[in-house]
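Encoded as structure tokens, the structure appears first; notes follow it.
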Amino acid sequence: GAVVSQHPSRVICKSGTSVKIECRSLDFQATTMFWYRQFPKKSLMLMATSNEGSKATYEQGVEKDKFLINHASLTLSTLTVTSAHPEDSSFYICSASLGGQVLGKLFFGSGTQLSVL
Amino acid sequence: ELKVEQNPLFLSMQEGKNYTIYCNYSTTSDRLYWYRQDPGKSLESLFVLLSNGAVKQEGRLMASLDTKARLSTLHITAAVHDLSATYFCAVDIKGNSGGSNYKLTFGKGTLLTVNP
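First to last, the protein sequences are chains E and X. The numbering used here applies: residue 1 is where the first sequence begins, and numbers increase by one. The numbering used here applies: residue 1001 is where the second sequence begins, and numbers increase by one.
Right under this line is the structure:
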């Protein structure tokens, strides 16, 4: 089945540094990928929609300058948390859709646990 | 704004028992997802329900969708310990063309604990 790979799975960084998270569709092309954020024992909140070759679409309340999204190819989207602060600590999950190929199917990456000290 | 409400949020049950998790949503959508999440892990897709009256079953889990009532259920039959996890329902928001754009709104999740 379709696989979405996310890397790294866990990252610890100092406050003020930037962290890049990669999301790759391994065996299919994903023109659209999604980035979610999940706080401990909470639900997933959609942060942004990543479109290949164009600017990402951010959900209301999500700072686009803080969470930089780049979708440079049909198989790779990256999320960069800039100038990270402790309140950015969270579980970040990407997903990609097969769209018409497998109707309705969304595949999620394994997630990245970000801890900002 | 699409709202998705799940209940119960916490469910503790004994092995062998049956129970149902409910998922209500506030606006029209014809696509509903159920996911399972184990602690510290990502989401595992369980079911995709695409039309009114859809029913899908996998092992001890069965999901159904009533789009008129805006309600989906996840029924657990003869629970076993391995089913302990958090279960999320999610509904997508229709795109401008009327089709799905896969932007999901998630319920808060149901933490299921199955006790021996």
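Ideal placement from N, C-alpha and C gives every residue a C-beta, glycine not left out. Bear in mind that the values here come from a model prediction, so they are computed numbers and not experimental data.
Bounds of the beta strand (DSSP E) holding residue 72 of chain E are 67 to 73. Here the C-alpha atom of residue 31 of chain E lies approximately 18 angstroms from the C-alpha atom of residue 21 of chain E. Check the Cα spacing between residue 1035 of chain X and each of X:1029, X:1028, X:1044, X:1027: the tightest is with X:1044. The beta carbon of residue 111 of chain E falls within 7 angstroms of a beta carbon belonging to chain X, placing the residue at that interface.
In the DSSP secondary-structure assignment, residue 1007 of chain X is bridged to X:1022. For residue 1066 of chain X, DSSP records a beta bridge to X:1071. The Cβ of residue 1042 of chain X sits closer than 7 angstroms to at least one Cβ of chain E. A Cβ-Cβ distance of about 16 angstroms is found for the pair residue 81 of chain E and residue 46 of chain E, leaving them out of contact under the 8 angstroms criterion.
For a Cβ distance threshold of 7 angstroms, nothing in chain X lies close to residue 67 of chain E: the least Cβ distance comes to about 16 angstroms. DSSP, reduced to helix, strand and coil, places residue 1058 of chain X within a strand of the structure shown. Bounds of the beta strand (DSSP E) holding residue 24 of chain E are 19 to 25. For residue 1016 of chain X, the nearest beta carbon of chain E is not closer than 7 angstroms to its own beta carbon. Annotation for residue 31 of chain E: no beta strand (DSSP E) segment contains it, and DSSP assigns it neither H nor E.
Residue-level contact check: residue 117 of chain E does not touch chain X, since none of the beta carbons of chain X fall below 7 angstroms from its beta carbon.
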